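In terms of UniProt numbering, the numbers along the sequence shown are unbroken and rise by one, the last being 148. Here a beta-carbon is modelled for each residue, glycine too, at the ideal position from N, C-alpha and C. Being a predicted model, the structure only gives us computed values, none of them experimental.
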Amino acid sequence: MPDAGYRERLSPSLWVLVSAAVCGPMVALVLAPLDSVVGLVAGIVVGAAVVAALILLSPVVTVTNGWLRVGRARIELAYLGDVETLIGDDARHARGPGLSPSSWHLLRGGIDGVVRVEVRDADDPVSHWVFSSRTPERVAAVIRSARD
1 MPDAGYRERL SPSLWVLVSA AVCGPMVALV LAPLDSVVGL VAGIVVGAAV VAALILLSPV
61 VTVTNGWLRV GRARIELAYL GDVETLIGDD ARHARGPGLS PSSWHLLRGG IDGVVRVEVR
121 DADDPVSHWV FSSRTPERVA AVIRSARD
């Protein structure tokens with residue numbers, strides 16, 4: 001199959017990153033009585049490290065070379081059926097009361113869009129993949145075109 005080339009990092013929202021960056025000043029305040037320079041440097045390093053870790057360790061959605069990868073999970077596009085995109089109230093329902101216990105899911109707070117993909121593998125106990133996406137229409141279009 002041709003390379004569809006879709007890639008999206010499901011990084012945290014800005015308010016989560018700002019909240020995480022508060023770790024830096026807290027460390028600086030704790031270490032300030034010992035040495036203000038050490039406290040300041042440690043605070044900057046800790047704040048930057050926490051924000052970098054949140055971004056770099058975020059799951060990635062890719063559609064490439066006949067595979068759909070969401071986080072660490074992967075499935076061949078040949079085993080996928082209907083692709084559905086959900087936003088707004090439909091997405092909230094899909095993330096809450098409409099979430100099937102037989103589906104595999106990777107949902108991120110702060111990302112409104114949801115993609116639900118049917119799994120057509122008789123040997124797979126999972127009925128659907130349900131995952132967050134900032135551009136659900138785009139990822140659905142790439143899955144459809146790469147699968148066909």
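In three-state DSSP terms, what is residue i?
i	result
R74	strand
V139	helix
R116	strand
In terms of residue numbering, what span does the beta strand (DSSP E) encompassing residue i cover?
i	result
G81	80-86
V126	Neither: V126 is in no beta strand (DSSP E) and is coded neither H nor E.
R108	First-last for R108: undefined, no H or E at that position.
E9	According to the sequence shown, residue 9 is Arg rather than Glu. Run containing R9: 6-9, per the beta strand (DSSP E) assignment.
In angstroms, rounded to a whole number, what distance separates the CA positions of residue i and residue j?
i	j	result
P2	V119	Legend: pLDDT at P2 = 49, less than 50; position of this residue unreliable, value from coordinates given subsequently. Those two C-alpha atoms are separated by around 21 Å.
T64	G5	5 Å
L54	S11	7 Å
H105	V70	9 Å
Between which two residues does the alpha helix (DSSP H) containing residue i stretch?
i	result
S19	14-21
L40	36-56
Report the residue from the options whose alpha carbon sits nearest the alpha carbon of residue i.
i	options	result
G47	R134, V139, V16	V16
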